[in-house]
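Okay, so the sequence shown: first residue is 511 according to our numbering, each after it adds one.
We treat Cβ as the ideally placed atom computed from N, Cα and C, and that holds for glycine.
Comments concern the structure below.
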Amino acid sequence: MVEAFSIAGVTCGPGQKVYHELVVDSSNSVVTTLPLMLINGTRDGPTLCITGGMYGDEYPGIEAATRIFNKTNPGKLSGRLVILPVLNMPSFQWRTVGFSPLDRKDLNRVFPGNPNGTVTERTAHIVLNEVIMKVDFHLDLRGGDTNESHMSHTIICRTGNSDLDRTCYDAARAYGLEYVMIHDAGKEGATPGILLHEATKLGKPSIISEIGIGLLTYREEDIALTERCAARLMKHLKLLEGVAEPFPRKMNIMRQGARVICTKGGIFYPIVEQTGPYFTSMLKKGQKVGEIKNIRGEFLEELRSPVDGVLHELLPKRVVFGGETVILIRTIEDSSDYFKD
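Below, the structure written as structure tokens:
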């Protein structure tokens, strides 16, 4: 028999949908809330948490999360959905890039958070400890933001826990994108405070969906693709009936990164394009990828790819300084090698 469930003090009965705004911080003149959406199915099953808006300008993921809540019929759900469509409400409301305007902190660098910290640290504490650690699986809907122009892919952590790593890998495969980036979160020098890292370190299966090229775009095809992939994952987790579409024939594992760095300052003219459904293209080592010219249009520098790989991010910089990264490239590994050291 399906029973009511509660998240962060908010209860949702069998077959019901609930919307609530959690108060994160009321100590300032601006009260910060966190929108929380709950759906309780009519049959028993796992609990999936879907988050969006880690950065407030990652619009396709935010919209997809909201649509999933509105379109999901509790009568066809086996289990529970917990949706936080916008994690970073101050960034969303003030249209800031990469940080909260209230404390100038990056939400995805302060997990596991602090219940007595600044508004960003309090948000991180609630999201991880009161929500994600109470569910069975976590899907973070991300995408390119205002100052990014990157390809669509998923991200998972390699933790060294074989069961957890297999769960996350299989989920990424079921999600349906052909490219997956691997974070080795436990290695020395790994960036601290990232939600994916902190959740998996605590044993919680979690994957990131990166769909949407960024640059303030709001493309219906990106939103629809996110919805379809989320539905595939829900079928894989048995929240929805039916068989997910066939997995991609091959998973392209992206691990090592290489940067194209200009040595001359000037105007950047890229000659490679982000094309196709994943906004990317394959590059060969030594392939010309761009030029630097001065304001008079005179040639200063030729830029070439340092490796064979996939175009991961074309940084939307028109005017550049010497020493700046203008393109990120990822090398591709055979997916059969993922579980090997």
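- Boundaries of the alpha helix (DSSP H) harbouring R742: E730 to H746, taken from the DSSP string.
- Within the same chain, P524, G525, N550, G551, T552, R553 and D554 come within 8 Å of V512 by CB-CB distance, once the 5 residues on both sides are set aside.
- In the DSSP annotation of this structure, the continuous segment of the alpha helix (DSSP H) that includes Y569 starts and ends at Y569 to K581.
- For E631, the three-state secondary structure derived from DSSP is helix.
- A residue is called buried once 16 or more other Cβ atoms fall within 10 Å of its Cβ, and I837 is buried on that count.
- The alpha-carbon of E808 is positioned some 54 Å away from that of F579.
- CA-CA distance, I704 to T633, rounds to 13 Å.
- Take the alpha-carbon of H663 and the one of L821: they are about 12 Å apart.
- DSSP lists G800 as the beta-bridge partner residues of P780.
- In the structure shown, T669 falls within a coil segment according to DSSP collapsed to helix, strand and coil.
- Nearest to S539 by alpha-carbon distance, out of V592, V596 and L612, is L612.
- A Cβ-Cβ separation of about 6 Å places I517 in contact with K644 under the 8 Å criterion.
- Between L546 and the set M691, V592, Y685 and L793, the nearest pair of CA atoms involves V592.
- Exclusion of the five residues before and after G752 leaves K745 as the residues of its chain whose Cβ lies within less than 6 Å of its Cβ.
- Per the C-alpha coordinates, the member of P556, F515, L548 and V533 positioned closest to L750 is P556.
- DSSP links E531 through a beta bridge to P545.
- A distance below 7 Å separates the beta carbons of F621 and E708.
- The beta carbon of I560 sits closer than 6 Å to the beta carbons of A575, I593 and L649 from its chain, once the five residues preceding and following it are set aside; these are given in chain order.
- In the DSSP assignment, P556 falls within the unbroken beta strand (DSSP E) covering R553 to G562.
- Per DSSP, reduced to three states, the secondary structure at F602 is helical.
- Between G562 and L651, the gap from beta carbon to beta carbon is short of 7 Å.
- When DSSP states are grouped into helix, strand and coil, E812 belongs to the strand group.
- Assignment of G589 by DSSP, reduced to helix, strand and coil, places it in the strand class.
- The DSSP-derived three-state label of Y689 is strand.
- For the set R590, N762, H635 and G800, the Cα lying nearest the Cα of G819 is the one of N762.
- Pairing L548 with L532 gives a Cβ-Cβ distance that is not under 7 Å.
- Note: A768 is bridge-paired with I839 in the DSSP secondary-structure output.
- Excluding the 5 residues flanking it on each side, E631 has same chain C-beta neighbours closer than 6 Å at V620, G623 and N624, in chain order.
- Spatial neighbours of L735 in its own chain (CB-CB distance under 6 Å, excluding positions within 5 residues in sequence) are listed in chain order as I721.
- Take the alpha-carbon of L674 and the one of I805: they are about 53 Å apart.
- Of the candidates L747, L743 and T669, T669 places its Cα closest to the Cα of G713.
- G608 is a Cβ neighbour of Y565, given a cutoff of 7 Å.
- Within the model, the alpha-carbon separation for C739 versus A684 is close to 8 Å.
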